[in-house]
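This report refers to the structure that appears directly beneath it.
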DNA sequence: TATTTAATGTTATATTATTACATAGTGTTA
DNA sequence: TAACACTATGTAATAATATAACATTAAATA
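Chains as they are written, first to last, in my numbering: chain A, 1 to 132; chain B, 133 to 264.
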């Protein structure tokens with residue numbers, strides 16, 4: 001059994017919650033909401049989050065210290081992530097654009113660094129918020 | 133006098149320090165190191181950092197909660213930033229690649245969102261660390 | 001079975017960042 | 001100059017985010 005395919009009890013609880021809320025969620029908000037399921041301490045949340053990020057089930061939105069479920073089958077291992085973030089309503093969407101990911105995966109640094117991973121965050125106003 | 137061109141006392145102290153160390157530096161490390169210059173509280177540091185980021189003198193490396201001086205004349209307003217980060221030695225370099233920034237600046241989201249800004253962080257091993 | 005690896009539970013604490021409120025300087029304009 | 005707005009400052013307290021350290025349990029593997 002591959003470790004990527006089996007989630008532990010806490011990992012399941014936390015992934016379920018993140019998938020349910022369906023928007024970027026913060027660690028302590030997760031903690032607060034899963035306490036009824038027996039999760040009592042921040043570390044229990046952070047450990048599960050680390051693991052879930054590692055196996056690509058969720059992503060961390062670095063600029064917001066928040067976590068979202070992955071909806072993109074092409075980033076199974078969380079190696080190539082891109083998001084659009086509305087600076088007004090804070091709506092976040094995962095971008096899945098083959099051309100973009102192909103371009104970035106093959107990007108060559110001038111210093112000859114070998115990349116394993118990238119994270120891209122776009123900021124602006126979503127459609128709704130630009131009308132206002 | 134444009135506000136971008138005049139730095140206040142605290143802003144100068146903090147920018148000087150960040151430029152001097154020449155690598156990503158954390159807020160509380162800055163605080164510690166500028167205390168002899170009369171800066172006593174976290175907030176004095178964070179306020180200066182916010183302003184310096186806003187005017188593009190420094191950038192925040194989101195995945196590391198650290199700040200670096202901008203070395204790239206083309207991102208004056210901090211709207212388009214890209215970094216390479218070595219996961220072993222934590223060396224960070226700002227990437228300035230016209231093709232890349234052109235490509236990303238003109239990237240069109242499928243949801244029709246209008247982007248004002250982006251931040252891209254590549255992760256991998258730098259040359260030195262890949263040899264080890 | 002013995003051993004290793006992954007996960008858990010718990011307490012305490014470290015690190016990062018902001019709120020709230022009072023004060024001072026600087027430029028504008030009436 | 002006086003009144004005003006705006007930016008920056010100083011200070012204390014606290015909120016929010018994240019990890020260290022240690023003991024224990026469960027699962028996978030040799």
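Here a beta-carbon is modelled for each residue, glycine too, at the ideal position from N, C-alpha and C.
Taking a C-beta cut-off of 7 Å against chain A, none of the residues of the segment 167-190 of chain B qualify. The Cβ of residue 258 of chain B sits closer than 7 Å to at least one Cβ of chain A. Residue 235 of chain B reaches chain A at 103, counting residues in chain order whose Cβ is nearer than 8 Å.
Under the DSSP assignment, residue 253 of chain B falls in the beta strand (DSSP E) whose first and last residues are 246-257. Between residue 164 of chain B and residue 47 of chain A, the alpha-carbon positions lie close to 30 Å from each other. Residue range 58-61 is occupied by the beta strand (DSSP E) that includes residue 60 of chain A. Under the three-state reduction of DSSP, residue 238 of chain B is assigned to coil, being neither helix nor strand. Among the bridge pairs identified by DSSP, residue 86 of chain A is matched with A:124. Of the candidates A:54, A:57, A:55, A:30, A:30 places its Cα closest to the Cα of residue 44 of chain A. Cβ proximity to chain A below 9 Å picks out nothing from the segment 137-155 of chain B. In the three-state scheme derived from DSSP, where H, G and I count as helix and E and B as strand, residue 223 of chain B is classed as coil.
The C-alpha of residue 88 of chain A lies about 22 Å from the C-alpha of residue 81 of chain A.
Excluding five sequence positions before and after residue 258 of chain B, the CB atoms of its chain that fall closer than 8 Å to its own CB belong to 216, 218, 220, 221, 223, given in chain order. Chain A places no beta carbon closer than 7 Å to that of residue 230 of chain B, leaving this residue out of the contacts. In the displayed model, residue 201 of chain B falls within a strand according to three-state DSSP. Per DSSP, residue 54 of chain A is one residue of the alpha helix (DSSP H) stretching across 42-54. Under the DSSP definition of a beta bridge, residue 157 of chain B partners with B:199.
Per the Cβ contact rule, the segment 95-110 of chain A is in contact with the segment 236-256 of chain B (3 or more Cβ pairs under 8 Å).
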